[in-house]
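Colleague: Starting off with a structure, shown below.
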Amino acid sequence: MEHKTLPISAVIKIPKFERRTQGGHRERRGPKVFPTKDLEPPVGINQTEVVFVFRILLRSMALPACVLALSACGSKGEGNSSAVTAAADQNEMQKYNAYVEAANTARTPFADIVATYQRSIKPVFDSGKDLTKLFFPSDPGIDRIKVQLDKALAMKPAMPELDGAARTYSQALAKIAPLYRDMANYIEAKTYVSDNGAHGRELQPALLTALDNVASAQATYAKAIDAADRARIKAAFEATKKDTLDYYRKGTVYYLKESMDHASGVLNGKGLGDQKAAFKASLDQFNTMAVQFDNKVREKDKTACASFMLHANAYLAAGRDIIQRTEDGTYAKDRRNGASFQMMKPRAVEDAETLLQTYNSVINGLNVNQC
């Protein structure tokens, strides 16, 4: 039976911070987003140079249906029982992918909106001074996220490990939507100039409470997605017959994700820390799986997935550069000299960006080429 493989990963997009200028025009700031309170930049590095990475969602990967629905992939099944099982597994994977889509819909994490508000807006309302330069972060997609969450919640079967977190997130979005809209209209129209910030001060406590709640709900939801993703990848990989193309394909995905898990400190600006050895081991395992996968593919078609190893090798090189620069003290030296190079992007940030870009290229390569 022919089976159309769903994408391995709904690649998590890096949100771009967008603000309003004094004239109300949108200004894109690229991937630089104000860090959350638990995301501290390396010593000596200008805080605004820290590239934001949505640490949990970034690494969340929606697997293809054949990773979970093993009986539905490449086999005809036996009787009605197999058909029912395959359909149920397919429904579960479709719901899971809908949940990942909801995670991807957010343009900016709410935790960063909270940080921006606390730093740039609240002090102005509290003091009543400088009521001429306020800007409010653009809507991160509140209504769209809620629609996608509610769509997934309505799908069958029940997924207790995700449904609860999704429902809480949806409810938090419903509460913040009118408050966010109210404050956005108030600030963008510069009504605060007319009433000297009175309405902003009145609205602020409820808005901040709602922002804190939705940021917490978003983080909890992201953790639930990550946990489900981890379990699915591991179970599918371990259940697959060894030394087969499918085994090496799933192993490639498994160790790719595992290596990025170990690199979380790199992505949030703290470095590898005690994960250096584990990161190196995961890269080596990914290397082995990728080479064996490429070999198996070429046994069937020597021209298939021609670019896959280019992407895989680029990711491996990026990871091994990070290990080398950690071991030889390059990053530590850059931190000590940070004050002299504030106009330049720190090498640690550049390397984190490269690691992320090459990681996404591996996933895209697998998806686009249907390797």
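Residues 3 to 373 (this note's numbering) are what the sequence shown spells out, left to right. The C-beta atom is built at its ideal place from N, Cα and C for all residues, glycine as well.
1) My output table needs one value for A265: the three-state DSSP class, helix, strand or coil.
2) Out of curiosity, what's the CA-to-CA distance linking K2 and Y250?
3) Relative to the C-alpha of H235, which residue among Y223, K225 and K252 is closest?
4) Counting along the chain, where does the alpha helix (DSSP H) carrying L181 start and finish?
5) Only counting the same chain, and skipping five residues up and downstream in sequence, which positions put a Cβ closer than 6 Å to that of R338?
6) What are the boundary residues of the alpha helix (DSSP H) that includes I144?
7) In whole angstroms, what separates the C-alpha of D141 from that of D330?
8) Round the Cβ separation of Y223 and Y171 to the nearest angstrom and send it over; I've been treating them as touching at under 8 Å.
9) Given a cut-off of 8 Å, decide if I178 and L136 are closer than it, judged by their beta-carbon atoms.
10) Going by DSSP in three states, M346 sits in which element: helix, strand or coil?
11) For V116 versus A208, is the C-beta spacing smaller than 8 Å?
12) Just to confirm, are Q173 and A100 a CB contact at a threshold of 8 Å?
13) Q220 to S196, Cα distance in whole Å?
14) Kindly list the residues whose CB is nearer than 8 Å to the CB of T107, restricted to its own chain and excluding five residues on each side of it in sequence; keep chain order.
15) Please name the residue in N297, M157 and F288 whose C-alpha comes closest to that of A319.
16) Would you check if there are 3 or more beta carbon pairs closer than 8 Å linking the region 287-304 to the region 253-265?
17) Put G367 into one of helix, strand or coil per three-state DSSP.
18) Output the distance between the C-alpha atoms of D228 and A191, rounded to the nearest integer angstrom.
19) From S284 to M262, what does the alpha carbon distance come to, in whole angstroms?
20) Alpha helix (DSSP H) containing N315: first to last residue?
21) Are A168 and A154 touching if we call contact CB-CB under 8 Å?
22) For the alpha helix (DSSP H) containing Q120, name the first residue and the last one.
23) If you measure from the beta carbon of L213 to each beta carbon in chain B, is any gap under 8 Å?
Modeller: The relevant details are as follows:
1) The residue you call residue 265 lines up with position 263 of the sequence shown. Three-state result, A265: coil.
2) The requested residue 2 is not part of the displayed model; the chain covers only 3 to 373.
3) Position 233 of the sequence shown, counting from 1, holds the residue named residue 235. Residue identity differs from the one stated: residue 235 is Ile in this sequence, not His. The residue with the shortest Cα to Cα distance from I235 is K252.
4) Indexing the sequence shown from 1 puts residue 181 at position 179. From DSSP, the alpha helix (DSSP H) with L181 extends over P162 to E190.
5) Taking the sequence shown and counting its residues from 1, the one referred to as residue 338 is at position 336. So no residue of the chain qualifies.
6) As a working note, residue 144 is residue 142 in the sequence shown. Unbroken alpha helix (DSSP H) run through I144: I144 to A156.
7) Sequence index remark: in the sequence shown, residue 141 carries index 139 (1-based). Sequence index remark: in the sequence shown, residue 330 carries index 328 (1-based). Distance between the alpha carbons of D141 and D330: 43 Å.
8) Position 221 of the sequence shown, counting from 1, holds the residue named residue 223. Position 169 of the sequence shown, counting from 1, holds the residue named residue 171. Confirmed, about 4 Å.
9) Position 134 of the sequence shown holds residue 136. Position 176 of the sequence shown holds residue 178. No.
10) In the sequence shown, counting from the first residue as 1, residue 346 sits at position 344. Coil.
11) In the sequence shown, counting from the first residue as 1, residue 116 sits at position 114. In the sequence shown, counting from the first residue as 1, residue 208 sits at position 206. Not closer than 8 Å, so no.
12) Position 171 of the sequence shown, counted from the first residue, corresponds to residue 173. Position 98 of the sequence shown, counted from the first residue, corresponds to residue 100. No. Outside cutoff.
13) As a working mapping, residue 220 is identified with position 218 in the sequence shown. As a working mapping, residue 196 is identified with position 194 in the sequence shown. Using only the alpha carbons, I get a separation of about 35 Å.
14) Reading the sequence shown from its first residue, position 105 is the one you call residue 107. The answer, listed in chain order, is G143, R146, I147 and Q150.
15) Taking the first residue of the sequence shown as position 1, residue 319 is located at position 317. Of the listed residues, the one whose Cα sits closest to A319 is F288.
16) yes
17) By 1-based counting over the sequence shown, the position of residue 367 is 365. G367: helix per DSSP, three-state reduction.
18) Here the question's residue 228 lines up with position 226 in the sequence shown. Here the question's residue 191 lines up with position 189 in the sequence shown. For D228 and A191, the distance between alpha carbons rounds to 40 Å.
19) Start at 1 with the first residue of the sequence shown, and residue 284 comes out as number 282. Start at 1 with the first residue of the sequence shown, and residue 262 comes out as number 260. When rounded, the distance between both Cα atoms is 9 Å.
20) Translated into positions along the sequence shown, residue 315 becomes position 313. Start and end: F310 to E329.
21) Taking the sequence shown and counting its residues from 1, one reaches residue 168 at position 166. Taking the sequence shown and counting its residues from 1, one reaches residue 154 at position 152. Taking 8 Å as the Cβ cut-off, A168 and A154 qualify as a contacting pair.
22) Residue numbering aside, residue 120 sits at position 118 when the sequence shown is read from its first letter. Per DSSP, Q120 belongs to no alpha helix (DSSP H) and is neither H nor E.
23) Of the protein chains in this structure there is only one, and it is not chain B.
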